[in-house]
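If you're matching positions, the sequence shown starts at 33 in this note's numbering and goes up one per residue.
Only one structure is covered here, and it is reproduced in the block below.
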Amino acid sequence: MNDTEILAAFHARRAHYNVYLEANGIQVHTCPGCGFPTLIERGEFYICSICDWEDDGQDDNARSLLDELPGIKISGPNGNLSLTENRINIGRIMEINAELIDGEIDLDAARVLRTIAFYQQRRDEIEERMTGEEHVNDHIWMEWKEVRKDLQMALVVPKVSDMN
Ligand SMILES: [Zn+2]
33 MNDTEILAAF HARRAHYNVY LEANGIQVHT CPGCGFPTLI ERGEFYICSI
83 CDWEDDGQDD NARSLLDELP GIKISGPNGN LSLTENRINI GRIMEINAEL
133 IDGEIDLDAA RVLRTIAFYQ QRRDEIEERM TGEEHVNDHI WMEWKEVRKD
183 LQMALVVPKV SDMN
């Protein structure tokens, strides 16, 4: 997919999950960086468990909360990475994951929510074992980072058309 197609897929995916969340009254928000339902609140600087975007409030029709601070120019938590670049980056990762199993991104929203919750819990358990003294190269950090990759991989499923 080219960048335009990746961004179109992002918007379609996000809209699809948003419809499900709203229809079922589920208090979860889709991430502006990847479109998956990962955020329990918006604009609280939560870091997405899938794409690593830190939610500074930016969205298609909203600027970063940090831009509201008068007279101060702060580079946001995502550094120089723009929302669009982030969407393309995660889109490419998911495209590669889908190709690996000849599958597609899971659009079963209920299952996606369960998958995300499962891996978030796994990450929480790793964090509970951390003391805060670990070096960035310590095994436990590697383990923590692996959870993100595992989650990204768990979000692709065999193509529905192949399951007959
Ligand atoms: Zn995300």
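By construction, the Cβ of each residue, glycine as well, lies at the ideal position given by its N, Cα and C atoms.
Note that this is a predicted model, so its numbers are computed, not measured.
Taking the Cβ atoms as the reference, Gly-89 lies roughly 7 Å from Arg-74, within the contact range of under 8 Å. Closest in C-alpha terms to Ala-142, from the list Arg-95, Gly-111, Leu-187, comes Leu-187. At least one heavy atom of ligand 1 falls within 7 Å of the beta-carbon of Thr-70. Nearest Cα to Gln-153 within the set Val-179, His-43, Leu-53: Val-179.
Under the three-state reduction of DSSP, Val-168 is assigned to coil, being neither helix nor strand. In the DSSP assignment, Gly-135 is bridged to Pro-190.
Proximity of the beta carbon of Ile-82 to ligand 1 is indicated: a heavy atom of the ligand is located closer than 7 Å.
The beta carbon of Glu-86 sits closer than 7 Å to the beta carbons of Phe-77, Ile-79, Pro-109, Asn-110 from its chain, once the five residues preceding and following it are set aside; these are given in chain order.
A Cβ-Cβ separation of about 17 Å leaves Arg-146 out of contact with Cys-66 under the 8 Å criterion. Listed in chain order, the non-local C-beta contacts of Leu-39 below 8 Å within the same chain comprise Thr-116, Arg-119, Ile-120, Gly-123, local neighbours out to five positions each way being set aside. A check of alpha carbon separations from Met-126 across Val-189, Gln-59, His-171, Glu-166 identifies Val-189 as the nearest. In the three-state DSSP reduction, Leu-71 falls in the strand class (E or B). The residue among Ser-114, Ile-82, Asp-156 with its C-alpha nearest the C-alpha of Arg-95 is Ser-114.
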